[in-house]
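Residue numbers (our numbering), protein chains in the order written: chain A, 83 to 354; chain B, 0 to 342; chain C, 910 to 1214.
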Amino acid sequence: MRGGFDVKHYTGFFALTCLCLFILYAPLIIVMIYSFNDSLSITQWDGVSLRWYRDIFTGVESEKFKLAAWNSLTIAISAASVATVFATAAAVGMIRGGNFRGKSASFALISLPIMVPEIVTAVATLIFFSAIGFKLGTLSILVAHIVFCIPFAYLPISARLQGIEASFEEAAQDLYATRWQTFRHVLMPIMGPGIVSGFLLAFIISLDDFIITNFVKGSGVETLPTAIFGAVKQGIKPNIMALSTLLLLFSILLVTCSYFIGKRGEAIQPKS
Amino acid sequence: MKMKTLLGAAALAMLAGGASAEGKLSIYHWFEYIPQELLDKFTAETGIEVTMDTYDSNETLLANLKAGKLGSYDVAVPGDYMVSIMKNEGMLDTIADGELANIGNVEDKWMNVDFDPGRKHSIPYQWGSTSFMVNRDVYKGEIRTTDMIFNPPEELKGKINVLDTPGETLVLASMHLGIPQCSTDRDQLKALDELVQGAKAHWASFNSDAAKDVLVSGDAAAGMIWNGFGQKARLEGANVEYSYPKEGYIVWMDNVVLLKDAPNRANAIKFMDFLLEPENAAAITNFARYTAGVKGVGPLLDPELQTSPEQNPPADAPAGSFVMVCDEATQKVYDQIWTRLKQ
Amino acid sequence: MAAGVGGGRTVSATYAPIRAWLMAPSWLIIGFFLVLPVLLMLVYSFLTKEFRGGVIWDPTLAAYDQFLFDRGLFGDDPPKLQWAYIQIFARSIAQAAGATVFCLIIGFPTAFFIATRADNAKVIWLFLVTVPYWVNLLIRTVSMKFLIRDNGPLNEGLMALGLIDAPFQLINTNFAVQLGLFYSYLPFMVLPIYAAVERYNFALSEAASDLYAPKWTILRRILIPVVMPGVIAGCILVFVPSLGAFLAPDLLGGAKTFMIGSLIDEQFKGSAGNWPFGAAASMILLSMVLVVLTLYARSQAKGQV
């Protein structure tokens, strides 16, 4: 250390990190605080109350939000499940399928939904559905969501699979296990954490989507993001803040779960 | 196994969600224009389950119906000129004579209207006017002139919201210049183009659905708005005044139309009859603060509506004008002006 | 991790005989519901606009002509180069670039700081940076709108502290849009840089320091070149989604001026009703993104050799 300084320490970097976290969290925390505001108006503070939380469960708009939450949840679970199954199969094919021609093209195809800007996907899907006469409704949202969930599920699953040695399956196959048995009893348990992370990522991406859903949703079908967007276009109301806070807590719960599942995954990963 | 359970649950959920279309009604409506209680009342009376989507301009309604939504809604609520356009586009179904039990409740002056002679496709919903409001804390001078929006005083510059709809914004601009609607005169159209291009520098935002909120929150000190929506802004505590400018203002009537390929046509007819009941029409008026087109609502209305400055133009105010439907070639020029404006 | 790393990259082929079957579902659904629609959109961009929305199956270059040439208010002036749409694209690129630079300025030190923590602390810092990304994008954007509005908590707070006399306008400005984009995609910048710095061998920096290199020179001349691939990856991950963003410009920018996303949206959902033009604008956006990604993939491939 001739220079007499720590090469890992730069003045100001800690301050910028704090600034970074401040910018990331300040809006969320402010909204969380204001969701407990007793006032009808969002700009004026009238004391702490839970009235807006009651409002989203029992108020005039509660039915709309409940239905939207139900739609969001069922679509996200269905889309993420289908996408996870497809992505797991594709990952096994890609990572355990040897070298083959068109491997990079195949990878490009699977990651295409991430690369195409969302608004372009939305427009193209709308044009396509209207051209083939596919009726817009819940099903149209589901199909669109499955498509863009596949790469998000694929990435963690394939990353996990890449870290698993082939000797496990080879041993199983030496013992005359079929491909399915090998997958079911050897590969899948080790891949488990990757599959769960893939599912959760796809789930949250589906739950998050606004642009594509807004283009392909049918009459009377709202998801939480489209319902919230419709509401905030007319101005931010306190009940939206309460709803946002609940969603926020739900997201934090999910990310914490996925983090601990990842942790467990590391623990059971066979070390070579 | 977990995955299977999840899939099964999801599949069941999808099935439950896609129950049969019987006993349903699908409405495509303006935002914040019907009280939820009234929809609940309709459901309670008829057992018909109502779903509603909303839009924020006549043009958005048309665009979405064109983009594959026709055939999934039963009724929509277009303004007068949009009824004509939708009729010409073949988007409306015809109501047969005698199908509506309450058609006699329609006020006589709204029965034979230019946009739907004899009410073959529509019934009146509410009517009102479009101009603008000014925050009196910010600007205290004379406001009964369209200068407020198109040639604003210093206090209002940069604090103006205009409606994000070419139909109404360009017509008000035409009134400011004193040129007719659907003009084909090139100099007039150029003047209109220059006017809005120049005025845009003073505008803060283009917003229809937040037109009330920007006035209440103070984000805008002046804003184009519909009279009833504006009254709500005033009732929510903003010190705003609605203007009936001397250059003119827009009057309109929104109408419930029966859409072509309606999945629940019979329920749509029931809903239209329901809306023609004076009691229900009055509930809408009390909520949205416009004026009903139905007989016998008078005694049921909030007394304050009789004297409100938004509903009652001053004696010397000019008559308002309806938005006209231009032919395709002319409309293209107006579309072009709007596109250039928003670039 | 013995296999693959040391030798000539032996790839396991346990499932080679059925790989086509395994990949078919993903191929088919993406092919049918994404590739086909994009191709159809390409076709639509060459069709004639139907008055008030929709298309007429009659091939024309009108949409691209409208994009490039201004024929005046009445469509019969001699064509001159149309700047308006190019400006919209330029504005979107500038906004996306601004957001990227903003992310880089804050994201790089953050990533560096986190990567140089002890292992336990690292995990917590990383967790803190990524949590907001899991929160619904719409909610984050709305929260930002609420915070920075004229009468919002930020302005009220600054006025209460006596730092400003009148609310300063943030909402409905370009800066607000950049702030929103920054806020939306910051973790995308931090994570790849973090990964690169974590792999960086600090012995290099120490060696330079032994040779009396000034501290910031070490950062600039040694560390940054080594972690450059991570920086580039971060920039692309922020830039590309920012380019077609819809929510931040719409909610934070006041929808007063078009960005690419809102321009396209307007053709289908708004009053413009010009499908071929919307399709053409989408194709141009898509081409731009694919060019950026291809250049990036090329440079990555070169770097690996």
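Glycine is no exception: its CB is placed at the ideal position from the N, C-alpha and C atoms. In this text, all values refer to a predicted model and were calculated from it rather than measured experimentally.
At least one CB of chain B closer than 7 angstroms to the CB of residue i: is that the case?
i	result
A/Lys315	yes
A/Gly179	no
A/Leu331	no
A/Ser73	The question about residue 73 of chain A has no answer here: the residues shown for chain A are numbered 83 through 354.
C/Lys958	no
C/Phe1177	yes
C/Leu982	yes
A/Val142	yes
C/Ser1196	no
C/Gly940	no
Have a look at residue i and residue j and give me their C-alpha separation to the nearest angstrom.
i	j	result
B/Phe30	B/Ile178	31 angstroms
A/His227	A/Ala158	8 angstroms
B/Met81	B/Lys259	15 angstroms
A/Lys217	C/Phe1017	47 angstroms
B/Trp202	B/Ser182	25 angstroms
C/Ile1051	C/Ser1180	The residue you asked about is not Ile; residue 1051 of chain C is Val in the sequence shown. Distance between the alpha carbons of C/Val1051 and C/Ser1180: 25 angstroms.
A/Ile286	B/Met90	39 angstroms
B/Glu303	C/Tyr973	55 angstroms
A/Gly94	C/Gln1087	23 angstroms
B/Val49	B/Thr42	7 angstroms
A/Leu191	C/Met1168	28 angstroms
A/Asp120	C/Ile1193	49 angstroms
B/Ala219	A/Leu122	20 angstroms
B/Thr284	B/Ala318	22 angstroms
B/Ala281	B/Phe273	12 angstroms
B/Asp212	A/Gly317	5 angstroms
C/Gly1143	C/Val1099	7 angstroms
C/Leu1113	A/Thr99	24 angstroms
Looking at the unbroken beta strand (DSSP E) that takes in residue i, where does it start and where does it end?
i	result
B/Gln230	No beta strand (DSSP E) holds B/Gln230; the alpha helix (DSSP H) holding it covers Asn226 to Leu234.
B/Asp52	Glu48 to Tyr54
B/Thr129	Ser121 to Asn134
B/Ser207	Careful: B/Ser207 lies outside any beta strand (DSSP E) and carries neither H nor E.
B/Lys108	Taken as a continuous stretch (DSSP letters only), B/Lys108 belongs to no beta strand (DSSP E), as it is neither H nor E.
B/Tyr27	Lys23 to Trp29
Give me the Cβ distance between residue i and residue j, rounded to the nearest whole Å; I'm assuming they're in contact under 8 angstroms.
i	j	result
C/Phe1242	C/Ala1008	Within the shown structure, residues of chain C are numbered from 910 to 1214, placing residue 1242 of chain C beyond reach of any answer.
B/Glu309	B/Gly229	6 angstroms
B/Leu69	B/Val195	Between B/Val195 and B/Leu69 the Cβ distance is about 32 angstroms, and since that is not below 8 angstroms, they are no contact.
A/Tyr236	A/Ala169	4 angstroms
B/Phe149	B/Ala75	Not really, about 31 angstroms apart at Cβ, beyond 8 angstroms.
B/Leu200	B/Leu214	According to the sequence shown, residue 200 of chain B is Ala rather than Leu. Not a contact, Cβ separation roughly 21 angstroms.
C/Phe1155	A/Ile293	5 angstroms
Using a C-beta cutoff of 7 angstroms, does residue i count as contacting chain C?
i	result
B/Ser182	no
A/Leu257	no
B/Gly217	yes
B/Pro165	yes
B/Gln125	no
B/Lys341	yes
B/Ala281	no
Compare the C-beta of residue i against all C-beta atoms of chain A and say whether one is closer than 7 angstroms.
i	result
C/Thr1019	yes
B/Ser204	no
C/Pro968	no
B/Thr42	no
C/Ser1208	no
C/Trp992	no
Mind checking which residues open and close the alpha helix (DSSP H) that includes residue i?
i	result
A/His227	Thr220 to Gln244
A/Ala187	Lys185 to Met197
B/Met252	Element bounds for B/Met252: not the alpha helix (DSSP H) but the beta strand (DSSP E), Ile249 to Leu257.
Kindly examine the ligand NAD and report whether one of its heavy atoms sits closer than 6 angstroms to the Cβ of residue i.
i	result
C/Leu943	Among the ligands in the structure shown, none appear at all, so the ligand NAD cannot be discussed.
Using a Cβ cut-off of 7 angstroms (strictly closer), state whether residue i contacts chain D.
i	result
C/Pro1158	Reference to chain D is not applicable here, since the protein chains of this structure are A, B and C.
Practice task
Please determine if the region 1181 to 1201 of chain C and the region 945 to 961 of chain C are in contact, where contact requires at least 3 C-beta pairs separated by less than 8 angstroms.
Solution key: yes
Exercise for the section: Check whether the region 189 to 208 of chain B touches the region 160 to 174 of chain B, counting contact only when three or more Cβ pairs, one atom from each stretch, lie closer than 8 angstroms. Expected result: Contact between the region 189 to 208 of chain B and the region 160 to 174 of chain B is present: three or more C-beta pairs spanning the two stretches fall below 8 angstroms.
Exercise for the section: Flag this pair as touching only if the region 1030 to 1046 of chain C and the region 1084 to 1099 of chain C have three or more C-beta atom pairs under 8 angstroms; answer yes or no. Expected result: Flag = yes, the region 1030 to 1046 of chain C and the region 1084 to 1099 of chain C touch.
Handout entry: Inter-stretch contact (C-beta, 8 angstroms, three-pair minimum) for the region 291 to 302 of chain A and the region 252 to 269 of chain A
Key = no
Exercise for the section: Could you say if the region 95 to 114 of chain A and the region 275 to 293 of chain A meet the contact criterion of at least three C-beta pairs nearer than 8 angstroms? Expected result: No, because fewer than three Cβ pairs between the region 95 to 114 of chain A and the region 275 to 293 of chain A fall closer than 8 angstroms, the two stretches do not touch.
Practice task
Count the C-beta pairs between the region 960 to 969 of chain C and the region 1049 to 1065 of chain C that are closer than 8 angstroms, then say yes if the count reaches three, no if not.
Solution key: no
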